[in-house]
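> After the structure tokens below, expect a handful of questions from me.
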Amino acid sequence: MSTPLNLKIDPEKVHETPMVDLAFMVLKAANTPYYYRDLMKEVAKLRGFSDEEINDVIAQLYTEINIDGRFACVGTNLWGLKRWYPVDKSEDALTGAKRPRIINDEDDDDEDDYHEEEETYNSDDDFDADSEDEDGEDELFDGEEDDDDSDEDVVIDDEDLSDEEDSEDENDDESTEDDDSLR
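So for the sequence shown, the numbering used here puts the first residue at 1010; every next one is plus one.
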């Protein structure tokens, strides 16, 4: 792929032209697919890039070629122009064959179970709480206080104490003012 290319482009315009367009011109002039590395070398040669500059832009050019609709990857990292290759047609549209319909009968069994439950369901309209609990005792509350609950210590935050002290100080100040006015 090291055949010399005769691109008819002004050297000043080469630096203004996007790299993807230069790659297109290289492929068009060569009229043969290029491996990406070889295509990058040709573009770099046109632009006068050093090896370091090539490494800086190699991913950018690859991305642009992938996105651009004029290029086609025709093999393992082998790139050509899309217009060189026939457009693939979808075989599904040509055959027109109907696909078999898949029926899942397992879901129907669940619906049968639902209908059976619906028929045997009792409404809460007939529910009488007094008749259900005839002995009158509550199962959760037996009327006795647990020893565990009564032995717990009460914890008060220091912030709560300081707020209460401040409000007491304000009340004391007000009461002394009232006392002064009475004298």
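Backbone N, C-alpha and C define an ideal beta-carbon position, used for all residues, glycine too.
Using DSSP bridges, identify the partner residues of R1088.
In the sequence as presented, Arg is not what sits at residue 1088; that position holds Trp. In DSSP, W1088 forms a bridge with Y1043 and C1082.
> At the level of alpha carbons, what is the spacing between V1052 and R1079?
So the two alpha carbons sit approximately 17 Å from each other.
> Alpha helix (DSSP H) containing Y1071: first to last residue?
Its alpha helix (DSSP H) spans residues D1060 to I1076.
> Could you check where the alpha helix (DSSP H) with K1022 kicks off and where it finishes?
K1022 -> alpha helix (DSSP H) spans P1020 to E1025.
> I need the DSSP call for R1110, collapsed to helix, strand or coil.
In the structure shown, R1110 sits in coil (DSSP, three-state: anything other than H, G, I, E or B).
> Among residues of its own chain, excluding the 5 on either side of L1090, which ones have a beta-carbon nearer than 8 Å to its beta-carbon?
Answer for L1090: F1033, L1036, K1037, R1079, F1080 and A1081, listed in chain order.
> Between the alpha carbons of V1029 and N1075, how many angstroms are there, rounded?
Taking the straight line joining both Cα atoms gives about 10 Å.
> Have a look at T1072, I1165 and A1039 and flag the residue whose alpha-carbon is nearest the alpha-carbon of N1086.
For the residues T1072, I1165 and A1039, the minimum Cα distance to N1086 belongs to T1072.
> What separation, rounded to the nearest whole angstrom, lies between the Cα atoms of L1058 and R1110?
The identity of residue 1058 in the sequence shown is Phe, whereas the question assumes Leu. Cα-Cα distance, rounded: 59 Å.
> Taking the Cβ atom as the reference point for each residue, do W1088 and Y1045 lie within a distance shorter than 8 Å?
Yes, Cβ-Cβ distance for W1088 and Y1045 is below 8 Å.
> On the three-state DSSP scale, how would you describe K1037?
Helix.
> Does DSSP classify V1029 as helix, strand or coil?
Helix.
> According to the neighbour-count rule (16 or more other Cβ atoms, all chains shown, within 10 Å of its Cβ), is P1042 buried or exposed?
When all chains shown are included, P1042 counts as buried.
> Please state the DSSP three-state secondary structure of V1096.
Note: V1096 maps to coil in three-state DSSP.
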